[in-house]
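Enquirer: Numbering (the working numbering), first residue to last: 2 to 154. First the structure, then my questions, so here it is.
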């Protein structure tokens, strides 16, 4: 679940898709995780990891948008590293929560894992760490609203 409000929403061009495929080949380093580009040309399509198919679905939001938050400005490389981290965590036995607020914890942890990708530059790492921070803040706010505070702590 990427926060898409500030990310690109226009369907990708052939050139952008080719770029993503090249980035993916370098990132995955031979791991058997496919990149499916069949939805990438569609407006508002979302980049996501499909556990059942061991495939990352490329969406329009693989490219940054006009927003100022970390998720909105995250590079394509950082976005795909985040999705690769989902796949790696799944292979390690992590099973992702599908509902709020815990999906925010999963996304934060995934961004932190992605931040360790050796190909990333400092700015990419900072954006991934800030994305994790933002998701943790959202989790805390949602958790507190739902009465998730343990009174005994």
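Every residue gets a Cβ at the ideal spot worked out from N, C-alpha and C, and that includes glycine.
Can you tell me which of the three DSSP states residue 70 falls into?
Expert: In the chain shown, residue 70 corresponds to position 69, counting from 1. Note: residue 70 maps to coil in three-state DSSP.
Enquirer: Under 8 angstroms between the Cβ atoms of residue 128 and residue 49?
Expert: By one-based count along the chain shown, residue 128 stands at place 127. By one-based count along the chain shown, residue 49 stands at place 48. Cβ distance not < 8 angstroms, so residue 128 and residue 49 don't count as in contact.
Enquirer: On a Cα-Cα basis, can you pick out the residue from 90, 30, 66 that is closest to residue 13?
Expert: Taking the first residue of the chain shown as position 1, residue 13 is located at position 12. When only C-alpha atoms are compared, the closest one is 66.
Enquirer: Which stretch, first to last residue, makes up the alpha helix (DSSP H) that contains residue 125?
Expert: Stepping through the chain shown from its first residue, residue 125 is reached at position 124. Looking at the DSSP string, the run of the alpha helix (DSSP H) that includes residue 125 is 123–146.
Enquirer: Enumerate in chain order the residues of its own chain whose CB-to-CB distance from residue 134 is below 6 angstroms, with the five nearest sequence positions on each side excluded.
Expert: On the chain shown, position 133 is the one that residue 134 refers to. Nothing meets the Cβ criterion.
Enquirer: For residue 130, which residues in the same chain have their Cβ closer than 6 angstroms to its Cβ, ignoring the five residues on either side in sequence?
Expert: For the purposes of this step, residue 130 is identified with residue 129 of the chain shown, where counting begins at 1. Result list for residue 130: 116, in chain order.
Enquirer: Using the C-alpha atoms, what's the distance from residue 105 back to residue 137?
Expert: Position 136 of the chain shown, counting from 1, holds the residue named residue 137. Position 104 of the chain shown, counting from 1, holds the residue named residue 105. Roughly 7 angstroms separates the two Cα atoms.
Enquirer: Between residue 101 and residue 28, which are expected to be in contact by the criterion C-beta below 8 angstroms, what is the C-beta distance as a whole number of angstroms?
Expert: Taking the first residue of the chain shown as 1, we reach residue 101 at position 100. Taking the first residue of the chain shown as 1, we reach residue 28 at position 27. Residue 101 to residue 28, Cβ: 28 angstroms. No contact.
Enquirer: Tell me whether the beta-carbon of residue 7 lies closer than 8 angstroms to the beta-carbon of residue 70.
Expert: Taking the first residue of the chain shown as position 1, residue 7 is located at position 6. Taking the first residue of the chain shown as position 1, residue 70 is located at position 69. Yes, these two residues count as a Cβ contact at 8 angstroms.
Enquirer: Assign residue 4 to one of three DSSP states: helix, strand, or coil.
Expert: Your numbering for residue 4 matches position 3 in the chain shown. The pLDDT assigned to residue 4 is 46, lower than 50, so where the model puts this residue is not dependable; a value taken from the coordinates is nonetheless given after this. Residue 4 falls in the coil class under three-state DSSP.
Enquirer: By DSSP's criteria, residue 24 is part of a beta bridge. Which residues make up the other side?
Expert: Along the chain shown, one-based indexing puts residue 24 at 23. DSSP lists no partner for residue 24.
Enquirer: Under three-state DSSP, which class holds residue 101?
Expert: Mapped onto the chain shown, residue 101 falls at position 100. Here residue 101 sits in coil by DSSP.
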